[in-house]
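Structure first, then comments.
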Amino acid sequence: MTQTASTIEIGAEDIPLHCPTSKTPAWNYHPRVFLDVADTGEVKCPYCGTVYKLKPGTVLKGHH
Numbered sequence: 009m010t011q012t013a014s015t016i017e018i019g020a021e022d023i024p025l026h027c028p029t030s031k032t033p034a035w036n037y038h039p040r041v042f043l044d045v046a047d048t049g050e051v052k053c054p055y056c057g058t059v060y061k062l063k064p065g066t067v068l069k070g071h072h
């Protein structure tokens, strides 16, 4: 059985972004990886394939 990757919209309050997040079901855990969404507004987790996208209008301040 395969699982399809999901897309999750995130806001400035979710930065720094890491996957899995605290909302990820326990059965889906993998090693924590920090993801940089600031440059393109979208990033894909290399482990589970979850795509994280900035919510429209999100402004990141003070993040590199």
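In this note's numbering, the protein residues as written are 9 to 72.
Note that the Cβ used here is the ideal one computed from N, Cα and C, for glycine as well.
Asked	Found
Could you check where the beta strand (DSSP E) with residue 16 kicks off and where it finishes?	15-18
Which residues bound the beta strand (DSSP E) around residue 60?	59-62
Spatial neighbours of residue 51 within its chain, please: C-beta separation below 8 Å, excluding the five flanking residues on both sides.	25, 43, 44, 45, 59 and 60
Residue 27 by DSSP, collapsed to three states: which one?	strand
Taking the beta strand (DSSP E) that residue 67 belongs to, which residues open and close that run?	Residue 67 -> no beta strand (DSSP E), and no H or E assigned at all.
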